[in-house]
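In what follows, a single structure is set out as structure tokens and then discussed.
In our numbering, the protein residues as written are 6 to 238.
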């Protein structure tokens, strides 16, 4: 079985080499890029299993710009992205996650943590990227195209709300705490407040509301949230 390929996008050579050495010792194959132009070419040519993406990159496009660009590309949006950055403030983390990043690691980080987080994101990605569409009444989620439709109408949904809905629809009729949702959808050790979940729940309901499916995303008092087609349950 071939090793999974990691694209390391980092403009500082010393840091890039340290990351690549660590990942190769952990059994990964690595590609590298020092700016967005090189990174995009590597993605198109080699389609890595996951991207480690530095926030601050030389040139006109930052890492966050590249993240948004990939998540809007139907052919590339399913590739998971971990942001690597010295920006540690919560607002920056929320911004990165909102752009579609699957996880967020603040420099400096330990090599063990890095490898652990990569493996965790790849596990979650494989769970959320099955081949079979998920149906719930008239709501449908297609993991292959990463499209959501309601009664045959395509739903305009952001990458974070898509991942949240994919997890919910894969695990219906079960209540999850905000902490559990952060762990399952964003990954453990993503240090953002629980209110981040509330923001995305509101956005998800707003997206589904015109089609009459906002009620599937239910608040469970004293616990958190669940996905249920039993609207009055």
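We put the beta carbon where it would ideally sit given N, CA and C, even for glycine. Keep in mind that this is a model prediction, so the values were computed, not measured.
**Asked** Count the other CB atoms within 10 Å of the CB of residue 221; is the residue buried (16 or more) or exposed (fewer)?
**Response** If you number the chain shown from 1, residue 221 lands on position 216. Buried, because 16 or more other Cβ atoms sit within 10 Å of the Cβ of residue 221.
**Request:** State the CB to CB distance for the pair residue 159 and residue 168, rounded to an integer number of angstroms; the pair is presumed to be in contact (CB under 8 Å).
**Result:** As a working note, residue 159 is residue 154 in the chain shown. As a working note, residue 168 is residue 163 in the chain shown. About 18 Å separates the two Cβ atoms, so there is no contact after all.
**Message:** Taking the alpha-carbon of residue 3 as reference, which of 163, 115, 184, 177 has the nearest alpha-carbon?
**Reply:** Here the chain covers residues 6 to 238 and nothing more, so residue 3 does not appear.
**Request:** Pick helix, strand or coil for residue 227, following the three-state DSSP scheme.
**Result:** Within the chain shown, numbered from 1, the residue matching residue 227 stands at position 222. Looking at residue 227 - three-state DSSP - the assignment turns out to be coil, as it is neither helix nor strand.
**Item:** Continuous beta strand (DSSP E) stretch holding residue 234: start and end
**Value:** To locate residue 234, count along the chain shown from 1; it is residue 229. Premise fails: residue 234 is in no beta strand (DSSP E) and is neither H nor E.
**Whole-angstrom C-beta distance between residue 16 and residue 40, which should lie under 8 Å** = By one-based count along the chain shown, residue 40 stands at place 35. By one-based count along the chain shown, residue 16 stands at place 11. With 8 Å as the limit, residue 40 and residue 16 qualify as a contact, their Cβ atoms being about 6 Å apart.
**Prompt:** So, helix, strand or coil for residue 166, using DSSP?
**Reply:** Taking the chain shown and counting its residues from 1, the one referred to as residue 166 is at position 161. Residue 166: helix per DSSP, three-state reduction.
**Request:** Please classify residue 174: is it buried, with 16 or more other beta-carbons within 10 angstroms of its beta-carbon, or exposed?
**Result:** Taking the first residue of the chain shown as 1, we reach residue 174 at position 169. It counts as buried.
**Asked** Straight-line CA distance for residue 122 to residue 14?
**Response** Here the question's residue 122 lines up with position 117 in the chain shown. Here the question's residue 14 lines up with position 9 in the chain shown. If I take the Cα positions, the gap works out to 16 Å.
**Request:** Work out the CA separation of residue 155 and residue 238 for me, nearest whole Å.
**Result:** Within the chain shown, residue 238 is the residue found at index 233, counting from 1. Within the chain shown, residue 155 is the residue found at index 150, counting from 1. Note that residue 238 has pLDDT 46, beneath the 50 cutoff, so the model's placement of it is unreliable and no number is given.
**Item:** Classification of residue 26 by the beta-carbon crowding that lies within 10 angstroms, buried from 16 upward
**Value:** Against the chain shown, residue 26 aligns to sequence position 21. That one is exposed.
**Message:** Once the 5 residues before and after residue 87 are set aside, which same chain residues still bring their CB inside 8 Å of it?
**Reply:** Residue 87 sits at position 82 when you count from the first residue of the chain shown. So the qualifying residues of the chain are 55, 56, 57, 58, 106, 107, 108, 109, 110, 122, 123, 126.
**Message:** Within a Cβ cutoff of 6 Å, which residues of the same chain sit near residue 91, ignoring the five residues on either side of it in sequence?
**Reply:** The residue you call residue 91 lines up with position 86 of the chain shown. Closer than 6 Å at Cβ, skipping near neighbours: 112.
**Item:** Given residue 34 as reference, the closest of 20, 44, 43, 51 once Cα atoms are compared
**Value:** Reading the chain shown from its first residue, position 29 is the one you call residue 34. If we check each option's Cα against that of residue 34, 51 comes out closest.
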